[in-house]
Amino acid sequence: MIFASDLDRTLIYSQAFVSDYPASVKAVETGDYYSYMTENAAELLKDLAGRLLFVPCTTRTVEQYRRIGFFQNELRCRYAVTSNGANLLVDGAPDAAYRSDMLKALAHNCAAGMDILQGFGRLSGAGWAGAMRHADEAFYYCIVERDNVPLDELAEFSDWAAKQNWHVSLQGRKLYLVPRAVNKWSALQRVLEMAGDDKVAAAGDSLLDLPLVQGADYAISPAHGELYEQYGGYQLDLHARSQSQSHKRSQCYLNPHPKCWRRVFTESFKDLPNNKQGACSRRHWIFTESSGLAAGEEIIKTVMQLLRPIE
Numbered sequence: 242m243i244f245a246s247d248l249d250r251t252l253i254y255s256q257a258f259v260s261d262y263p264a265s266v267k268a269v270e271t272g273d274y275y276s277y278m279t280e281n282a283a284e285l286l287k288d289l290a291g292r293l294l295f296v297p298c299t300t301r302t303v304e305q306y307r308r309i310g311f312f313q314n315e316l317r318c319r320y321a322v323t324s325n326g327a328n329l330l331v332d333g334a335p336d337a338a339y340r341s342d343m344l345k346a347l348a349h350n351c352a353a354g355m356d357i358l359q360g361f362g363r364l365s366g367a368g369w370a371g372a373m374r375h376a377d378e379a380f381y382y383c384i385v386e387r388d389n390v391p392l393d394e395l396a397e398f399s400d401w402a403a404k405q406n407w408h409v410s411l412q413g414r415k416l417y418l419v420p421r422a423v424n425k426w427s428a429l430q431r432v433l434e435m436a437g438d439d440k441v442a443a444a445g446d447s448l449l450d451l452p453l454v455q456g457a458d459y460a461i462s463p464a465h466g467e468l469y470e471q472y473g474g475y476q477l478d479l480h481a482r483s484q485s486q487s488h489k490r491s492q493c494y495l496n497p498h499p500k501c502w503r504r505v506f507t508e509s510f511k512d513l514p515n516n517k518q519g520a521c522s523r524r525h526w527i528f529t530e531s532s533g534l535a536a537g538e539e540i541i542k543t544v545m546q547l548l549r550p551i552e
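Heads up, this note's numbering is the position in the sequence shown plus 241, with the first residue counted as 1.
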């Protein structure tokens with residue numbers, strides 16, 4: 242089995258999540274930026290990685306991924322998906338053949354990045370968004386003033402970008418503009434071919450993780466983030482029905498960390514990348530009971546429980 246997991250806000254967390262956490266934590270990234278796991282989660286992940294193939298799948302660039310000392314020194318991974326799927330690392334080095342195929346897909350299947358930036362420029366003139374950064378020549382992101390983001394206008398821009406085969410995702414204070422061709426599931430499919438495995442458990446918290454979650458046989462998401470807001474809480478669904486259409490569309494850009502509770506369901510997905518026949522596939526998707534640092538630990542424990550029947 243392969244366990245493919247997003248990192249930030251799924252398995253590892255920034256300082257903002259640490260201040261009120263009651264148990265011991267471990268700094269897995271140090272230097273200019275710090276990221277943390279619970280001490281127990283770090284040990285459990287090392288144990289789990291000895292029993293299956295663990296593949297980090299992150300929106301971080303190659304350079305940003307290499308800043309995580311835990312994955313450079315304590316838990317070296319044979320494969321790692323970075324840049325939201327634009328790069329595949331094999332034994333720490335980018336896979337040139339995969340990168341070449343990805344660039345071809347970008348050129349043929351998505352609108353040009355400059356066109357997307359021009360559209361966004363008409364929206365961001367009020368100064369709530371910082372300068373756009375081009376990440377590994379694959380996608381764009383910027384830092385935003387969260388309280389000043391025009392949510393309705395951003396939702397309209399997102400609708401337009403989707404027609405150009407681009408995703409828009411707001412995570413914390415970062416706004417991402419990502420071509421649909423650049424996704425974690427596409428990179429993981431190459432890993433499946435290389436590893437000769439076809440069973441996948443996946444974890445992720447944001448809309449950028451949705452292709453990964455949909456493609457996996459079993460998926461886990463934390464009780465926070467974009468996926469939880471849109472799919473994880475019945476109370477959120479009921480609340481949305483009482484709002485205006487404009488307000489509903491704006492809700493997808495809010496990350497308020499709602500009350501945590503567990504929801505387990507099996508969903509039918511059509512025309513998934515791994516569904517060659519185009520028929521409905523049954524996928525099992527659960528949300529954790531906990532949020533923040535504790536959710537990362539709960540995700541790892543859930544995968545360990547899933548592994549027992551196989552062993």
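Each residue gets a CB set at the ideal place from its N, CA and C atoms; glycine is no exception.
Keep in mind that this is a model prediction, so the values were computed, not measured.
query	result
Helix, strand or coil at Ser-462 according to DSSP, with G and I counted as helix	strand
Burial state of Ala-372 (16 or more Cβ within 10 Å)	exposed
Beta carbon proximity, Gln-313 to chain B, threshold 9 Å	In summary, chain B is missing from the structure at hand, where a single protein chain is found.
Anticipated Cβ contact below 8 Å, Val-269 with Gly-310, distance rounded	7 Å
Cβ-based neighbour list, Ile-384, same chain, cut-off 6 Å, excluding 5 preceding and 5 following	Gly-371, Arg-414
The region 343 to 350 in contact with the region 393 to 400 per 3-pair CB rule at 8 Å	no
Residue burial classification, His-375 (beta-carbon count within 10 angstroms, cutoff 16)	exposed
Cβ-Cβ separation, Leu-448 to His-408 (assumed contact under 8 Å), whole Å	7 Å
Endpoints, beta strand (DSSP E) assigned at Phe-295	294 to 297
Buried or exposed (CB count within 10 angstroms, at least 16 for buried), Gly-368	exposed
Every unbroken alpha helix (DSSP H) inside the region 260 to 292 [4 residues or more]	280 to 290
Residue range of the beta strand (DSSP E) that includes Gln-412	407 to 412
Stretch pair the region 295 to 306 + the region 428 to 439: three plus CB contacts closer than 8 Å	yes
Residue range of the unbroken beta strand (DSSP E) whose run includes Val-331	328 to 331
Under the three-state DSSP convention, the category Ser-532 falls into	coil
Nearest-angstrom beta carbon gap, Phe-380 and Tyr-417 [assumed within contact, 8 Å]	6 Å
Minimum C-alpha distance to Thr-300 - residue among Ala-245, Ala-428, Tyr-320, Ser-324	Ser-324
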